[in-house]
Amino acid sequence: MPNLVVYDTETTTNMSGPEKDFNQVIQIASILYDQDLNKEDSFNFSCSPLPWSLFSPGALLTNRKIDSFNNEITHYQLIKSTWEKWKSWTDFSDSIFISYNGDMFDEEVMRRQFFWNLIDPYFTSREPRSRLDILPKLFPLAIFYKNDFDLPYIDKKVSFKLENIAKSYDIDTTDAHDAYADCIFLYELIKRIKKNVPNYFEEIILTTNKIKKIEHLTSKEIHFDCTRYGNNNPVYVFNSANISNQLLVSFNLNFDPINYFDLSYSELEHLINSNKTSPFKKINVSRSNSLISLETLNKDNVKIENLNLYRKNRDIIKENKNFLDKVLDIFNNKTYESKPTDIPEQSLYSGGFLTKKDIDIFNKFHDESNLDEKIKIINSLDDDRYIQFAKRICAQEFPDTAPQDYLIHCRNLVVTRFNENGPWPDADKYLDDANKLLEDISSDEDKKLVNASIDQINKNRIN
């Protein structure tokens, strides 16, 4: 079994809408556990907001990281230290990076932090590393293992909020939304999954690696796709003969596949693109899913109704190779538009992948302590995005000696982000949000936090 790297982040804003591309980590904590869940090492790093990062009043009120405004550690120092620590833990052993709601938040946040700081954005998923978001793995537990695994109920509904789960374990949650405390909460959850549902835990750990996940999903023939709302569908998962393209599609076995065999290509394409009525669904192998295999359920003696029907429909669709190939071809030909942008933070997924040459140059940049040598390295870069990021790093790390154009670039960035409209966080909206919060809160400590957000915005505004 691989080592487990549990981690959590606290940030300046949220991951909804275009703001997600400008969300900055101000605290990251991580704990390394061996395969028996014994603690091996840990860290808890924090930093100041970048001069051009807006700290939303809502985020500050939640994570309460007011001390970050006086933190002398720069964002680059935080991210570089995190990367170096994680490398020392994972370079020579299989490791799983575990987060909670990480596919939607922490993993996306960290990819952006690495991207801005000239580090491979896909570090946590490069071999021998893989990723695991525990949140969707709880959905099958809430459906099939109610007697074996307790989850809290709020207003008669299962609560998947990590803080509420920790409370149900009688854990003090006073420090909830502190990154290190949330790592402890997540560890306690993982420990209980391993103890109470060991067969399912084994399946979870086995399927973090992409290739093993594909092999597992396509060889176990029936899985149950579960939602956070208590619904589940039996599915058959299939893929093309070319496993390298990593395209997986599931078919909902509640439907009779014969009804779709005579559809024309265009009719089938229209059906697949109609998400609400389609029995087909693409499975993203890069993310954790909420599937559980029939094999695991059988090991745990979980009774499944209508199993004969599901097996019958599975056998029917499984035998029609031409139909499966047609479905896969439609999914392969689906196009996903990405809007061109000249804002480097927004180009993580649209600007092309890193080359080995890029990574080698980045490593030289990180290893070099002399500013003049760093500038020479910057001048060897071909991609303007990385040139801009490198200039920003140098301006932060060498504020007294960095070239004047580097410093002007950063000052202009502050003016733009705090005073002009764009995809970045809206300063006017944040001020309005802060004033509304001040009307609703009575705690002096809470007011202090909100006012700190207001002060950060106002001191960078042009009157």
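Take 1071 as the starting number for the sequence shown in our numbering and just add one per residue.
Ideal Cβ positions, reconstructed from N, Cα and C, are used throughout, including at glycine.
Note that the structure is predicted; figures quoted are calculated from it, not measured.
Of the residues the options, which one's Cα is nearest the Cα of residue i?
| i | options | result |
| --- | --- | --- |
| K1280 | F1432, L1317, K1090 | L1317 |
| E1178 | S1356, A1522, D1470 | S1356 |
| I1101 | K1216, D1161, I1166, V1307 | I1166 |
| S1408 | L1398, Y1419, P1414, T1081 | Y1419 |
| A1522 | K1109, S1289, T1152, T1082 | T1082 |
| I1149 | S1336, D1161, P1191 | P1191 |
| S1310 | T1347, I1511, K1388, V1485 | K1388 |
| F1230 | P1206, D1245, E1285 | P1206 |
| E1375 | M1174, P1304, E1438 | P1304 |
| G1300 | E1285, K1351, P1210 | P1210 |
| K1346 | S1336, N1322, D1240, K1369 | N1322 |
| T1152 | V1307, N1140, N1141, M1180 | M1180 |
| F1401 | N1449, D1437, K1352, T1366 | K1352 |
| Y1257 | Y1270, T1244, I1235 | I1235 |
| Y1380 | N1084, P1327, S1450, D1428 | P1327 |
| K1109 | I1254, S1086, K1499 | I1254 |
| G1128 | V1319, I1136, W1122 | I1136 |
| L1367 | S1439, N1269, P1410 | N1269 |
| A1246 | T1425, R1134, D1091 | R1134 |
| L1208 | F1139, S1450, I1260, E1080 | I1260 |
| E1197 | I1362, E1337, Y1146, T1160 | T1160 |
| D1091 | M1174, E1142, S1138 | M1174 |
| M1071 | P1473, F1271, H1286, D1502 | F1271 |
| V1095 | A1472, Q1147, Y1335 | Q1147 |
| Y1170 | S1358, S1336, V1484 | S1358 |
| S1348 | S1360, L1361, N1329 | N1329 |
| F1331 | S1344, H1340, K1396, T1288 | K1396 |
Could you check how far apart the C-beta atoms of residue i and residue j are, in whole angstroms? I think they sit under 8 Å.
| i | j | result |
| --- | --- | --- |
| N1073 | D1104 | 6 Å |
| L1466 | T1144 | Per the sequence shown, the amino acid found at residue 1466 is Gln instead of Leu. 5 Å between Cβ atoms; contact. |
| I1213 | C1296 | 5 Å |
| L1221 | D1252 | About 17 Å separates the two Cβ atoms, so there is no contact after all. |
| K1461 | I1447 | At roughly 12 Å, the Cβ-Cβ gap does not stay under 8 Å, so K1461 and I1447 are not in contact. |
| F1488 | L1188 | Their Cβ separation, rounded to whole angstroms, is 25 Å, which puts F1488 and L1188 out of contact at 8 Å. |
| L1287 | L1398 | L1287 to L1398, Cβ: 14 Å. No contact. |
Rounded to whole angstroms, what is the Cα-Cα separation between residue i and residue j?
| i | j | result |
| --- | --- | --- |
| K1529 | S1126 | 15 Å |
| W1186 | I1478 | 18 Å |
| L1130 | N1491 | 22 Å |
| E1273 | I1263 | 11 Å |
| T1194 | R1201 | 7 Å |
| L1107 | S1163 | 15 Å |
| D1242 | I1168 | 22 Å |
| F1113 | Y1456 | 28 Å |
| V1307 | H1293 | 8 Å |
| L1377 | V1075 | 38 Å |
| K1226 | R1199 | 38 Å |
| R1298 | Y1215 | 14 Å |
| I1532 | A1497 | 12 Å |
| I1463 | F1184 | 12 Å |
| K1517 | H1436 | 40 Å |
| R1481 | W1156 | 32 Å |
| K1426 | D1453 | 14 Å |
| L1507 | E1080 | 20 Å |
| L1394 | F1325 | 15 Å |
| I1342 | F1350 | 6 Å |
| Y1500 | D1078 | 25 Å |
| L1338 | V1319 | 14 Å |
| E1365 | D1240 | 33 Å |
| L1424 | E1285 | 28 Å |
| D1442 | P1414 | 24 Å |
| A1099 | Y1476 | 31 Å |
| N1505 | W1494 | 20 Å |
Buried or exposed for residue i, going by 16 or more other Cβ atoms inside 10 Å?
| i | result |
| --- | --- |
| G1172 | buried |
| P1469 | exposed |
| T1405 | exposed |
| Y1223 | exposed |
| L1519 | buried |
| L1276 | exposed |
| D1218 | exposed |
| N1403 | exposed |
| D1176 | buried |
| D1514 | exposed |
| K1283 | buried |
| R1384 | buried |
| Q1416 | buried |
| N1093 | buried |
| K1444 | buried |
| Q1097 | buried |
Next on the checklist: Going residue by residue through the segment 1356-1426, where are the continuous beta strand (DSSP E) segments of at least 3 residues, counting only ones entirely within it?
Outcome noted: 1361-1363
Next on the checklist: Extract the residue ranges of the beta strand (DSSP E) inside the segment 1093-1151, only unbroken runs of 3 or more that lie entirely within it.
Outcome noted: 1095-1103, 1109-1116
Item to check | Ordered list of alpha helix (DSSP H) runs contained in the segment 1465-1504, each at least 4 residues | outcome: 1474-1489
Checklist entry - Can you list the alpha helix (DSSP H) stretches of 4 or more residues lying completely in the segment 1225-1295, in chain order? => result 1232-1238, 1249-1266, 1268-1276, 1280-1289
Next on the checklist: Ignoring anything shorter than 4 residues, give me the alpha helix (DSSP H) runs that lie fully in the segment 1194-1228, in order along the chain.
Outcome noted: 1208-1214
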